[in-house]
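Structure, as structure tokens:
Number of protein chains: 2
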Amino acid sequence: MTNFRYFPEGYDRYMQSIRVSIYEDNAKLRDLLELLITHADGFVLAGSHPDCRSVEGEIRTDAPDVVIMDIDMPGRSGLEGVRIVKETDVNIRVLMHTVFDDDDKLFTCLTNGADGYLLKKDSSAQLVRAVQEVYEGGAPMSPGIAHRVLEAFRQPKPSAKKEYNITDREQQVLELLSRGFSYRMIGLEISISPETVKKHLKNIYQKLHVQCGPEAVAKAIRERII
Amino acid sequence: MTNFRYFPEGYDRYMQSIRVSIYEDNAKLRDLLELLITHADGFVLAGSHPDCRSVEGEIRTDAPDVVIMDIDMPGRSGLEGVRIVKETDVNIRVLMHTVFDDDDKLFTCLTNGADGYLLKKDSSAQLVRAVQEVYEGGAPMSPGIAHRVLEAFRQPKPSAKKEYNITDREQQVLELLSRGFSYRMIGLEISISPETVKKHLKNIYQKLHVQCGPEAVAKAIRERII
DNA sequence: AGGACGACTCCCCAAACGGGTTATTGCAAG
DNA sequence: CTTGCAATAACCCGTTTGGGGAGTCGTCCT
Numbered sequence: 006m007t008n009f010r011y012f013p014e015g016y017d018r019y020m021q022s023i024r025v026s027i028y029e030d031n032a033k034l035r036d037l038l039e040l041l042i043t044h045a046d047g048f049v050l051a052g053s054h055p056d057c058r059s060v061e062g063e064i065r066t067d068a069p070d071v072v073i074m075d076i077d078m079p080g081r082s083g084l085e086g087v088r089i090v091k092e093t094d095v096n097i098r099v100l101m102h103t104v105f106d107d108d109d110k111l112f113t114c115l116t117n118g119a120d121g122y123l124l125k126k127d128s129s130a131q132l133v134r135a136v137q138e139v140y141e142g143g144a145p146m147s148p149g150i151a152h153r154v155l156e157a158f159r160q161p162k163p164s165a166k167k168e169y170n171i172t173d174r175e176q177q178v179l180e181l182l183s184r185g186f187s188y189r190m191i192g193l194e195i196s197i198s199p200e201t202v203k204k205h206l207k208n209i210y211q212k213l214h215v216q217c218g219p220e221a222v223a224k225a226i227r228e229r230i231i
Numbered sequence: 006m007t008n009f010r011y012f013p014e015g016y017d018r019y020m021q022s023i024r025v026s027i028y029e030d031n032a033k034l035r036d037l038l039e040l041l042i043t044h045a046d047g048f049v050l051a052g053s054h055p056d057c058r059s060v061e062g063e064i065r066t067d068a069p070d071v072v073i074m075d076i077d078m079p080g081r082s083g084l085e086g087v088r089i090v091k092e093t094d095v096n097i098r099v100l101m102h103t104v105f106d107d108d109d110k111l112f113t114c115l116t117n118g119a120d121g122y123l124l125k126k127d128s129s130a131q132l133v134r135a136v137q138e139v140y141e142g143g144a145p146m147s148p149g150i151a152h153r154v155l156e157a158f159r160q161p162k163p164s165a166k167k168e169y170n171i172t173d174r175e176q177q178v179l180e181l182l183s184r185g186f187s188y189r190m191i192g193l194e195i196s197i198s199p200e201t202v203k204k205h206l207k208n209i210y211q212k213l214h215v216q217c218g219p220e221a222v223a224k225a226i227r228e229r230i231i
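This is the structure in structure tokens:
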């Protein structure tokens, strides 16, 4: 974190300011954001646009370090916007700024490459701090958002296994199947008859409501059973 | 965020203070943390321990709202510690506080249920703020940590697909296989002969270096090809 | 004592699978 | 313009898979 206070007054004229572009369809809010950026120390407004329709070109001419991106915009949403910005130049940091806090939009943004996710209800001061932080390689998120991101990592493993009543032995067989073992090889591996392997798999298919090996493996992995 | 300044002096005597337990093997740092918590407004020290050996019982008697957890401790690491705390009571927030910033330890913590991850190089003020934030349902993380968490969501999809030279058609066939379609059904679905389906799968198995359907599906899902 | 259930084994049998081989079409890169 | 490759299709042939059913043994719970 650069501590501006340790520099003499006016020092920032000699250092690189952070170039910020804004994408926000609401004119009033966009004006407010522009004001915020132009008046904050160390920032300069690189561009300001009401939608993402021409984002590829705008990014090239604006040459921003950080983009503040709304989601709900006419023509092309910020979900696409962030993907396009990142395809144009991965070094540009994209900070989402939206009212949406549903998992669907959140994780779409993240997979598309967003570097931060702020809700509009957060304060202006927080937004300015977030722009600084995202520029410095951080990942600012509203508290509730960060919490949901971490929740995505939690293991729903034991519950899923219990949900389908998969036994330890069945899980073991399924795991070997997913590693390319045939019934016979699985039998040799865990010292049971291939017929028993088959029986276990029959039970697994019933419990998971699937038809065949590949489908069972897919479901087991997606539900984190194996 | 509760704004204490709006309450009359001494108001916090009437409100619930946040109970904090500390797990930290370094005696000097532990003392410092104790001091920090006892002197901060709105916090009360619920317990302070040099390791996680008896964490189950301690959690019950201390009854903390928030646990500050080091990772590198003798006997039982904080990685296990966080898991055990969460198994004892999911409502207790666990804030990791460590020097480690490697992906391995980080993501182990997160899957084990950690609610925040601060590096020891962060300031005391940040730590106090983080305890408050984690108590309020946030997920405080050091900037670099948050960034790496978000990076984990980025799609390595196209690269993995390119890595193995899987074509669009092959991906489509593989996806249907993972949904329980037989060769014949896949053929009907995408209007090609089951023999062609077989041919595609033969190529897929070669490209992915696998033997059979289940293994191919497992690899494809894990490598995010499908 | 009886019942439920997990783990285990075996049989029959039809369908599905997977390896090998060969061949045509069409498109794109060299 | 030819070489390469994806996509298509077909054949043979042995093996694997998966759906039936029928049965033993041991443990845990009622």
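Heads up: the sequence lines are chains A and B, in that order. In this text, residue positions in the first sequence follow the working numbering: the first is 6, and each later residue adds one. In this text, residue positions in the second sequence follow the working numbering: the first is 6, and each later residue adds one. By construction, the Cβ of each residue, glycine as well, lies at the ideal position given by its N, Cα and C atoms.
Over what stretch of residues does the alpha helix (DSSP H) that includes residue i continue unbroken?
i              : result
A51 (chain A)  : Careful: A51 (chain A) lies outside any alpha helix (DSSP H), inside the beta strand (DSSP E) at 48-54.
G86 (chain B)  : 83-93
S129 (chain A) : 129-140
H102 (chain B) : Premise fails: H102 (chain B) lies in the beta strand (DSSP E), 98-103, not in any alpha helix (DSSP H).
M190 (chain A) : 188-195
R35 (chain A)  : 32-44
Y28 (chain A)  : Note, Y28 (chain A): premise wrong, no alpha helix (DSSP H); beta strand (DSSP E) at 23-28.
Take the Cβ of residue i as the centre, count every other Cβ of all protein chains shown within 10 Å, and call the residue buried at 16 or more, exposed below.
i              : result
G86 (chain A)  : buried
S147 (chain B) : buried
L182 (chain A) : buried
P79 (chain A)  : exposed
E138 (chain B) : buried
H54 (chain B)  : buried
V104 (chain A) : exposed
N200 (chain A) : Correcting the residue identity first, residue 200 (chain A) is Glu in this sequence and not Asn. So E200 (chain A) counts as exposed.
V95 (chain A)  : exposed
R88 (chain B)  : buried
L40 (chain B)  : exposed
K91 (chain B)  : buried
L193 (chain B) : exposed
Have a look at residue i and residue j and give me their C-alpha separation to the nearest angstrom.
i              : j              : result
F112 (chain B) : H152 (chain A) : 15 Å
Y169 (chain A) : K207 (chain A) : 14 Å
A223 (chain A) : A119 (chain B) : 28 Å
L100 (chain B) : V136 (chain B) : 7 Å
E97 (chain A)  : H214 (chain B) : One detail in the question is off: residue 97 (chain A) reads as Ile in this sequence, not Glu. Roughly 37 Å separates the two Cα atoms.
D67 (chain B)  : G143 (chain B) : 22 Å
R35 (chain A)  : I42 (chain A)  : 11 Å
Y210 (chain B) : Q160 (chain A) : 30 Å
S187 (chain A) : D173 (chain A) : 19 Å
D56 (chain B)  : A45 (chain A)  : 46 Å
R189 (chain A) : A221 (chain B) : 19 Å
K167 (chain A) : F48 (chain B)  : 39 Å
S196 (chain A) : K204 (chain A) : 15 Å
K110 (chain B) : S59 (chain A)  : 42 Å
Q216 (chain A) : E180 (chain B) : 15 Å
V202 (chain A) : S164 (chain B) : 36 Å
E141 (chain A) : A157 (chain B) : 19 Å
G62 (chain A)  : T93 (chain A)  : 9 Å
V71 (chain A)  : N117 (chain A) : 16 Å
E228 (chain A) : D127 (chain B) : 37 Å
L84 (chain B)  : I64 (chain B)  : 16 Å
Would you check if the distance between the CB atom of residue i and the CB atom of residue j is smaller than 9 Å?
i              : j              : result
I230 (chain A) : I191 (chain A) : no
I76 (chain A)  : I27 (chain A)  : no
L155 (chain B) : L115 (chain A) : yes
E175 (chain A) : H102 (chain A) : no
S129 (chain B) : L37 (chain B)  : yes
P69 (chain B)  : R134 (chain B) : no
I226 (chain B) : I226 (chain A) : yes
L124 (chain B) : D108 (chain B) : no
G185 (chain B) : P145 (chain A) : no
What I want to know is whether the C-beta of residue i ends up closer than 8 Å to one or more non-hydrogen atoms of the ligand SAH.
i             : result
L38 (chain B) : The model on display carries no ligand, and the ligand SAH is accordingly not part of it.
Following the continuous beta strand (DSSP E) through residue i, name the residue where it begins and the one where it ends.
i              : result
I150 (chain A) : Counting along the chain, I150 (chain A) falls outside any beta strand (DSSP E), though it belongs to the alpha helix (DSSP H) covering 148-156.
R174 (chain A) : Segment 173-183 is the alpha helix (DSSP H) holding R174 (chain A); no beta strand (DSSP E) there.
G218 (chain B) : Taken as a continuous stretch (DSSP letters only), G218 (chain B) belongs to no beta strand (DSSP E), being part of the alpha helix (DSSP H) at 218-227.
G62 (chain B)  : Not the beta strand (DSSP E): G62 (chain B) falls in the alpha helix (DSSP H), residues 60-67.
Listed from N- to C-terminal order along the chain, which residues in the segment 208-229 of chain A have their beta-carbon within a distance smaller than 8 Å of any beta-carbon of chain B? Only V215, Q216, C217, G218, P219, E220, A221, V222, A223, I226, R227 from the segment 208-229 of chain A bring a Cβ to less than 8 Å from some Cβ of chain B.
Pull out every residue of the segment 146-171 of chain B whose Cβ sits closer than 7 Å to any Cβ of chain A, in chain order. For the segment 146-171 of chain B, which is checked against every Cβ of chain A, the residues closer than 7 Å are M146, P148, G149, A151, H152, V154, L155, F158, R159, Q160.
The segment 87-116 of chain B: which residues have C-beta closer than 8 Å to a C-beta of chain A, in chain order? Those would be F112, L115, T116, in chain order.
Which residues of the segment 183-208 of chain B have a Cβ closer than 8 Å to any Cβ of chain A? Give them in chain order. Across the segment 183-208 of chain B, CB contacts with chain A closer than 8 Å involve S183, R184, G185, S187, in sequence order along the chain.
For the segment 60-83 of chain A, which residues have a beta carbon sitting closer than 8 Å to at least one beta carbon of chain B? Cβ contacts with chain B come from no residue of the segment 60-83 of chain A.
Under 9 Å, CB to CB, which of the residues in the segment 115-131 of chain B have a partner in chain A? If you check each beta-carbon in the segment 115-131 of chain B against every beta-carbon of chain A, the ones closer than 9 Å belong to L115, T116, N117, G118, A119, D120, G121, Y122.
May I ask you to list, following chain order, the residues of the segment 33-54 of chain B that have a beta carbon less than 7 Å from some beta carbon of chain A? When C-beta distances to chain A are compared with 7 Å, every residue of the segment 33-54 of chain B stays at or above that value.
Give, in chain order, every residue of the segment 133-147 of chain B whose Cβ lies closer than 7 Å to some Cβ of chain A. So the close ones are E138, E141, G142, G143, A144, M146.
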